[in-house]
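For what it's worth, UniProt numbering labels the leading residue of the sequence shown as 1, then goes sequentially.
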Amino acid sequence: MLKKILLFLGVTLSVSMLSVAGYGYYQVQKTIKSVKPVINMDNKAKETQIPFDKKMNILVLGIDTGDLGRDDRGRSDTILLTHLNFDNNEHTLLSIERDSLVEIPGYSNQNKLNAAYAYGGVETSQKTIEQLFNTEIPYYVTVNMKGFQSILEIAGPITVYNSFEFSYDDCHFKQGDILLEPDQALAWVRMRYEDPRGNYGRQMRQQELVKQLVNHLTKVENLYKMPQLLAVLGENLKTNIPIEELIKSIDLTKLNLDLKTEQVQGENTFIDGVSYEVISENERERVRQLLSFKE
């Protein structure tokens, strides 16, 4: 649902917010210290670490803890993979359906992908996705959703492109470029059933909002909002990425915030009355190539 928006924003800004370092390095340092520190579950991050001036794979999880007042572990309601290539500034964000049918390491039965987090937290989610795509994902970002409304309110009205006219939740959206107030933005990205592309169409709208949100917040005239934004991210983001080391390793003057968006495509299948997205071998190989560390 709305998880992808704060997630995409969180990972984009947590990794590349230093493009505004000339303005707000002190504020950034405060945010880095406020982001919850994490001890790696094993030595995977160190053993597979790629130099930060090269490439990184990051698992991004939107956790439903925080929704409706919940404070338990919850499930990974949104699952993204981010491939950052600092060599050529070509970065990719992949959306994965939470209902994807997977084998979860250590458990005998197949299940939906979002169950991996409920079973064993971030580590089990990492292992499950690494096995699914036969790749290495040493880093992660988790975000709870308590701060999303605050992000929209800080940003203010956002212009997005709406591909077709529709109404939802007492809001009407014309086709073309439209200006969204914070409450309208929530309605615009929530709609699914009237979209002929179904959930994939909703993902595309979420990605469009996030792109425009990042572009809007990183404009020179909006830099004064950065301290507020970073404070919200610091309260709602958890990661094992050594951000300070990352900052020292990349050329901020050449950093490009533009991310290519991709969707892991599955085929909807019912098994024993339960709906799953089944990812084909060909699609798994395509994703593996997108996440490859090879030149």
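Backbone N, C-alpha and C define an ideal beta-carbon position, used for all residues, glycine too. These figures come from a predicted structure and were not determined experimentally.
Rounded to whole angstroms, what is the Cα-Cα separation between residue i and residue j?
{"i": "G22", "j": "D177", "result": "Caution is warranted here: a pLDDT of 33 is assigned to G22, below 50, making its placement in the model unreliable, and the coordinate value is therefore given only provisionally. Rounded to whole angstroms, G22 to D177 spans 32 Å at the Cα level."}
{"i": "V214", "j": "E181", "result": "15 Å"}
{"i": "I154", "j": "Q228", "result": "7 Å"}
{"i": "L152", "j": "Y276", "result": "32 Å"}
{"i": "V168", "j": "H83", "result": "The amino acid at residue 168 is misidentified as Val; the sequence shows Tyr. Y168 and H83: Cα-Cα distance of roughly 33 Å."}
{"i": "K55", "j": "F86", "result": "6 Å"}
{"i": "Q126", "j": "I241", "result": "14 Å"}
{"i": "I271", "j": "N282", "result": "21 Å"}
{"i": "T230", "j": "G156", "result": "This sequence places Leu at residue 230; Thr is not what is there. So the two alpha carbons sit approximately 16 Å from each other."}
{"i": "Q102", "j": "E165", "result": "Here the sequence assigns Val to residue 102, which means Gln is not the residue at that position. Taking the straight line joining both Cα atoms gives about 36 Å."}
{"i": "Q203", "j": "S95", "result": "8 Å"}
{"i": "L113", "j": "T142", "result": "15 Å"}
{"i": "L259", "j": "L81", "result": "12 Å"}
{"i": "A116", "j": "T124", "result": "6 Å"}
{"i": "D239", "j": "P138", "result": "First, the residue type needs correcting, since residue 239 is Thr and not Asp in the sequence shown. Looking at the two C-alpha atoms, the distance is approximately 11 Å."}
{"i": "K219", "j": "M226", "result": "10 Å"}
{"i": "T269", "j": "V278", "result": "7 Å"}
{"i": "I79", "j": "E136", "result": "16 Å"}
{"i": "D183", "j": "G201", "result": "20 Å"}
{"i": "G273", "j": "R192", "result": "22 Å"}
{"i": "E267", "j": "V122", "result": "26 Å"}
{"i": "G120", "j": "I58", "result": "18 Å"}
{"i": "T261", "j": "I63", "result": "21 Å"}
{"i": "E221", "j": "Q265", "result": "38 Å"}
{"i": "Y224", "j": "N111", "result": "45 Å"}
{"i": "H216", "j": "S150", "result": "15 Å"}
{"i": "H172", "j": "E194", "result": "13 Å"}
{"i": "Q175", "j": "G198", "result": "18 Å"}
How would you write the range of the alpha helix (DSSP H) that residue i sits in, first residue to last?
{"i": "F166", "result": "Where F166 is concerned, there is no enclosing alpha helix (DSSP H), although the beta strand (DSSP E) it sits in stretches over F166 to Y168."}
{"i": "N282", "result": "E281 to L290"}
{"i": "L213", "result": "G198 to L217"}
{"i": "V122", "result": "A115 to F133"}
{"i": "N236", "result": "M226 to N236"}
Taking only three categories from DSSP, how would you classify residue i?
{"i": "Y193", "result": "coil"}
{"i": "Q175", "result": "coil"}
{"i": "S95", "result": "strand"}
{"i": "E136", "result": "coil"}
{"i": "I241", "result": "coil"}
{"i": "E153", "result": "helix"}
{"i": "V220", "result": "helix"}
{"i": "E262", "result": "strand"}
{"i": "R70", "result": "Note on R70: pLDDT 47, under 50, position unreliable in the model; no value is reported."}
Which partner residues does residue i have in the DSSP bridge list?
{"i": "S275", "result": "F270"}
{"i": "S100", "result": "E277"}
{"i": "N85", "result": "K55"}
Going by DSSP, what residue range makes up the beta strand (DSSP E) through residue i?
{"i": "N162", "result": "I158 to N162"}
{"i": "K54", "result": "Segment: none, K54 is in no beta strand (DSSP E) and carries neither H nor E."}
{"i": "E181", "result": "From DSSP, E181 is part of no beta strand (DSSP E); its letter is neither H nor E."}
{"i": "N109", "result": "From DSSP, N109 is part of no beta strand (DSSP E); its letter is neither H nor E."}
| query | Taking three-plus beta-carbon pairs below 8 Å as touching, is the segment 124 to 134 in contact with the segment 279 to 293? | reply | By the Cβ test, the segment 124 to 134 is in contact with the segment 279 to 293, since at least three Cβ pairs between them sit closer than 8 Å.
| field | Three-pair Cβ contact test at 8 Å for the segment 199 to 216 versus the segment 154 to 168 | value | yes
| query | Using 8 Å as the threshold, is the segment 101 to 120 in touch with the segment 84 to 92, meaning 3 or more CB pairs across them? | reply | no
| task | Please determine if the segment 173 to 189 and the segment 226 to 235 are in contact, where contact requires at least 3 C-beta pairs separated by less than 8 Å. | result | Below 8 Å, too few C-beta pairs join the segment 173 to 189 and the segment 226 to 235 to call them touching: fewer than three.
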